[in-house]
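Be aware that the sequence shown starts at 1, since it is given in full-length UniProt numbering, and climbs by one per residue. Ideal placement from N, C-alpha and C gives every residue a C-beta, glycine not left out. Every value quoted in this text rests on a predicted model; they were computed, and no experiment measured them. Here is the structure we will look at, set down as structure tokens.
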Amino acid sequence: MLTEQTERDVDQKPDSSGWSASQYNHTASFVYSASYTAPVLAALNAQPGERIIDFGCGTGELTLQIKDIVGAEGFVVGVDASESMITGAKANGLEAAFVSDIQNLQTPVSLFENNTFDAVFSNAALHWCKRDPKGVLEGVKRVLKEGGRFVCEMGGYMNCVGPRMALNHAVKRRGYASETLDPWYFPSIHDYENLLQSSGFHVDHISLHPRLTPLSAGGLHGWLHLFARNSFLKIFNDKEAEEIINEVVQMCEVDCKDGRGEWSMMYVRLRFSATLK
1 MLTEQTERDV
11 DQKPDSSGWS
21 ASQYNHTASF
31 VYSASYTAPV
41 LAALNAQPGE
51 RIIDFGCGTG
61 ELTLQIKDIV
71 GAEGFVVGVD
81 ASESMITGAK
91 ANGLEAAFVS
101 DIQNLQTPVS
111 LFENNTFDAV
121 FSNAALHWCK
131 RDPKGVLEGV
141 KRVLKEGGRF
151 VCEMGGYMNC
161 VGPRMALNHA
171 VKRRGYASET
181 LDPWYFPSIH
191 DYENLLQSSG
201 FHVDHISLHP
211 RLTPLSAGGL
221 HGWLHLFARN
231 SFLKIFNDKE
241 AEEIINEVVQ
251 MCEVDCKDGR
261 GEWSMMYVRL
271 RFSATLK
């Protein structure tokens with residue numbers, strides 16, 4: 001998690017990619033909590049001396065854990081589309097990190113050569129790659145050694161069911177094509193397994209995992225501001241976006257708010273391990 005000093009150093013406002021590291025860490029630190037990330041880190045099974053790249057590293061919490069495991073003989077690098085996130089990752093102590101859209105990966109020759117990594121790791125990032133999910137896999141292939149592994153957890157089929165439906169409904173009701181504005185890619189096991197296989201990977205394991213996720217910081221309203229305001233609702237002005245967010249909160253209250261007034265959402269995670277042939 002970003003320290004208080006880092007919070008002061010990293011801009012609170014979203015950058016050109018729509019992300020603010022400090023806002024993300026305030027509202028969604030559960031994304032990299034130990035209990036939620038233990039399964040995907042176990043699947044990665046990083047070893048001392050390995051070279052691993054983290055696709056969508058954010059502010060580097062998990063990347064730094066992996067770096068500690070591989071040790072001085074290994075090499076770990078993070079990549080993220082957000083300048084704010086990479087600034088936060090470097091402030092947290094991740095020296096090797098760079099900005100790039102992983103759907104069209106641009107690798108810095110000053111950091112590493114292609115096809116030199118033992119593993120590509122990714123957590124809670126690939127569901128933002130709706131524009132070109134196959135492009136992500138091309139980037140993975142570019143950096144992996146032959147026989148290298150790709151280990152990932154992302155939003156999968158039926159992730160965020162309820163709030164996502166309400167957002168689509170609210171946007172359509174205002175005359176907009178929600179399928180165009182919806183930024184998320186939540187594939188089924190079948191769809192993503194086919195994508196991996198057609199891209200030259202052997203799928204070692206792939207599964208869906210429903211997970212009830214408490215929304216402690218700001219409830220659903222805060223979640224929508226962080227994850228939808230600058231993506232799903234980016235074409236709307238502040239007044240319109242706030243009206244939609246309030247409408248979605250009201251629609252989802254019956255299912256997502258318990259008797260104590262606490263908000264939760266049903267996340268469904270797609271977790272897989274694949275090997276580059």
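Outcome for L270 when other beta-carbon atoms lying within 10 angstroms are tallied against a minimum of 16: By 1-based counting over the sequence shown, the position of residue 270 is 270. L270 should be labelled buried.
W184 vs H221 beta-carbon contact at 9 Å: Position 184 of the sequence shown, counting from 1, holds the residue named residue 184. Position 221 of the sequence shown, counting from 1, holds the residue named residue 221. With respect to the 9 Å criterion, W184 and H221 are not classified as neighbours on the basis of their beta carbons.
Neighbourhood of S17 by C-beta, 6 Å cutoff - its chain only, sequence neighbours within 5 removed: The count along the sequence shown starts at 1 and reaches residue 17 at position 17. Cβ neighbours of S17 beyond the five flanking positions: A81 and S82.
Sub-9 Å separation of V31 and A124 beta-carbons: Here residue 31 refers to the residue found at position 31 when the sequence shown is read from its first residue. Here residue 124 refers to the residue found at position 124 when the sequence shown is read from its first residue. Going by C-beta atoms, V31 is nearer than 9 Å to A124.
Through-space distance from K257 to K154, alpha-carbon basis: In the sequence shown, residue 154 corresponds to position 154, counting from 1. In the sequence shown, residue 257 corresponds to position 257, counting from 1. Note on identity: in this sequence residue 154 is Met, with Lys being the wrong assignment. Those two C-alpha atoms are separated by around 24 Å.
Within 9 Å, strictly: CB atoms of G74 and E95: The residue you call residue 74 lines up with position 74 of the sequence shown. The residue you call residue 95 lines up with position 95 of the sequence shown. Going by C-beta atoms, G74 is not nearer than 9 Å to E95.
Cross-strand partners of M266 (DSSP beta bridge): Within the sequence shown, numbered from 1, the residue matching residue 266 stands at position 266. For M266, which the question treats as bridged, DSSP gives the partners L212.
DSSP beta-bridge partners of H202: On the sequence shown, position 202 is the one that residue 202 refers to. Answer by DSSP bridge pairing, in chain order: T275.
8 Å CB neighbourhood of K172 in its chain, flanking five on each side removed: Along the sequence shown, read from residue 1 onward, the residue named residue 172 stands at position 172. Correct list, in chain order: S178.
Straight-line Cα distance separating D101 from C129: Within the sequence shown, numbered from 1, the residue matching residue 129 stands at position 129. Within the sequence shown, numbered from 1, the residue matching residue 101 stands at position 101. In this model, C129 and D101 are separated by some 9 Å (Cα to Cα).
Cβ neighbours of L44 in the same chain (closer than 6 Å, five flanking residues each side left out): Locating residue 44 in the sequence shown gives position 44, counting from the first residue. If you ignore the 5 residues before and after L44, its C-beta comes within less than 6 Å of the C-beta of F121 and V151, all in its own chain and listed in chain order.
Integer Cβ distance of F186 from N159, believed to fall under 8 Å: Taking the first residue of the sequence shown as 1, we reach residue 186 at position 186. Taking the first residue of the sequence shown as 1, we reach residue 159 at position 159. For a cut-off of 8 Å, the C-beta gap from F186 to N159 is around 4 Å, short enough to register as a contact.
Per-residue burial, L2 [other beta carbons within 10 Å of its own, 16 or more giving buried]: Taking the sequence shown and counting its residues from 1, one reaches residue 2 at position 2. For L2, the predicted structure reports a pLDDT of 44, less than 50, and the residue's modelled location is therefore unreliable. A value from the coordinates is still provided. Buried.
For A91, the nearest candidate out of E61, A119, V76 and R211 (CA to CA): Here residue 91 refers to the residue found at position 91 when the sequence shown is read from its first residue. If we check each option's Cα against that of A91, E61 comes out closest.
CB of T275 within 9 Å of CB of R149, strictly: As a first step, residue 275 must be located in the sequence shown, where it is residue number 275. As a first step, residue 149 must be located in the sequence shown, where it is residue number 149. Against a cut-off of 9 Å, the Cβ pair of R149 and T275 comes out as a contact.
Beta-carbon gap between V268 and L208 smaller than 9 Å: As a working note, residue 268 is residue 268 in the sequence shown. As a working note, residue 208 is residue 208 in the sequence shown. Contact annotation: V268 and L208 have beta-carbon atoms nearer than 9 Å.
Straight-line gap, D11 to G58 (C-alpha atoms, nearest Å): The residue labelled residue 11 in the question sits at position 11 within the sequence shown. The residue labelled residue 58 in the question sits at position 58 within the sequence shown. Residue placement at D11 is flagged as unreliable, the pLDDT there being 49, under the threshold of 50; a coordinate-derived value is accordingly withheld.
Selected residue, minimal CA-CA separation from S264, among G162, H205 and E242: One-based indexing of the sequence shown puts residue 264 at position 264. Closest option to S264, judged by alpha-carbon separation, among G162, H205 and E242: G162.
Beta-carbon proximity list for R8, same chain, < 8 Å, skipping 5 on both sides: Looking up residue 8 in the sequence shown gives position 8. The pLDDT assigned to R8 is 42, lower than 50, so where the model puts this residue is not dependable; a value taken from the coordinates is nonetheless given after this. Closer than 8 Å at Cβ, skipping near neighbours: no residue.
Short Cβ contact (9 Å threshold) for A228 with T27: Translated into the one-based positions of the sequence shown, residue 228 becomes position 228. Translated into the one-based positions of the sequence shown, residue 27 becomes position 27. The answer is no: Cβ separation not under 9 Å.
Ranges of the alpha helix (DSSP H) found wholly within the UniProt domain "Methyltransferase" (48 to 153), counting only runs of at least 4: Within the UniProt domain "Methyltransferase" (48 to 153), the complete alpha helix (DSSP H) segments at least 4 residues long are 61 to 70, 83 to 91 and 133 to 143, listed from N- to C-terminus.
Own chain residues within Cβ distance below 7 Å of G200, not counting five before or after: Looking up residue 200 in the sequence shown gives position 200. The beta carbon of G200 sits closer than 7 Å to those of K141, L276 and K277, all from its chain and outside the five residues before and after it, given in chain order.
6 Å CB neighbourhood of A241 in its chain, flanking five on each side removed: Position 241 of the sequence shown, counted from the start, is the residue given in the question as residue 241. For A241, same chain residues with a beta-carbon under 6 Å away, outside a window of 5 residues either side, are R229 and L233 in chain order.
Spatially closest choice to L105 from D132, S188 and E243, by CA coordinates: Sequence index remark: in the sequence shown, residue 105 carries index 105 (1-based). Among D132, S188 and E243, the Cα nearest to that of L105 belongs to D132.
Delimiting residues of the alpha helix (DSSP H) encompassing N25: Translated into the one-based positions of the sequence shown, residue 25 becomes position 25. Taken as a continuous stretch (DSSP letters only), the alpha helix (DSSP H) holding N25 covers A21 to T27.
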